[in-house]
Amino acid sequence: MAKPFVKWVGGKTQLLEEIREKYPQAIEKYCEPFVGGGAVLFDILLKFQPKDVLINDINKDLINTYSQIKNNCENLIKELLALQNIYRNQENNINKDFYLSKRERFNSLRLENDSEKLEKAALFIFLNKKHNNQQHFCCICRALHPWLTLFDLPN
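Numbers in my numbering are just positions in the sequence shown, counted from 1, shifted up by 8.
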């Protein structure tokens, strides 16, 4: 089962049992206007396999990350592996500086809008996972890629 690849404020993972009770018998078209981490999205994809799916979110960095997983998965994995290898091979005090430098880089990329989308997505995942003390963040792209090929993303 695919699970959200980022921890997200307002995530629905813990509410899925209650939400499932509200599902209809079948879903052929699904629109997710506030996808966030995608808990409900991935649950519906798994259970119903709808033919048409559209996702959106107000957070452009999140949508860019979904787009990179869908359209540039292998290169995103390479970027994440490089970040992970550097992070794991440093001592704790250096890791803090590395994290802070990557956060600064991410924030500067956010100001540039459409530049360096792949790097921005890798940093988005890296910073989210490290901020939430999660150690493994490279395999999520490969796990989500088959699901993400099923739906459309906003431009």
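A virtual CB, placed ideally from N, CA and C, is assigned to each residue, including glycine.
This one's a predicted model, so the numbers in the text were calculated from it and none came from an experiment.
Am I right that Lys137 and Gln76 are in contact with their C-beta atoms under 8 Å? What's the rounded C-beta distance? Going by Cβ atoms, the distance from Lys137 to Gln76 rounds to 15 Å, so no, they are not a contact pair.
Tell me the DSSP secondary structure of Asp6 in three-state form. Since the first residue of the chain shown is 9 and the last is 163, residue 6 is not available in this structure.
Measuring alpha carbon to alpha carbon, tell me which residue in Lys55, Val43, Leu23, Glu112 is nearest Leu135. Glu112
Measure the beta-carbon distance from Ile52 to Tyr74 and round it to whole angstroms, keeping in mind my assumption that it falls under 8 Å. Actually they are not in contact, since the Cβ atoms of Ile52 and Tyr74 sit about 15 Å apart, beyond 8 Å.
Roughly how many angstroms lie between the CA atoms of Gln92 and Lys104, to the nearest whole one? 13 Å
For Phe31, does the three-state DSSP call read helix, strand or coil? Reading off the sequence, residue 31 comes out as Tyr, not Phe. The answer is coil: DSSP assigns Tyr31 none of H, G, I, E or B.
In chain order, what residues of the same chain lie with their CB nearer than 7 Å to the CB of Leu84, ignoring the 5 residues before and after it? Gln76, Ile77, Leu126, Ala129, Ala130, Cys149
Return yes when the Cβ of Lys20 is within less than 7 Å of the Cβ of Val48, no when it is not. yes
So, is Glu36 buried or exposed, given that buried needs 16 or more other C-beta atoms within 10 angstroms? exposed
Member of Leu117, Asn80, Arg28, Val14 whose CA lies at the smallest distance from the CA of Phe56: Arg28
Between Gln142 and Leu23, what straight-line distance do the alpha-carbon atoms span, to the nearest angstrom? Low confidence applies to Gln142: its pLDDT is 48, below 50, so where it sits in the model is not reliable enough to give any reading.
Inter-residue Cα distance where the pair is Val43 and Gly18: 10 Å
Just to confirm the assignment, what range does the beta strand (DSSP E) spanning Glu40 have? 37-40
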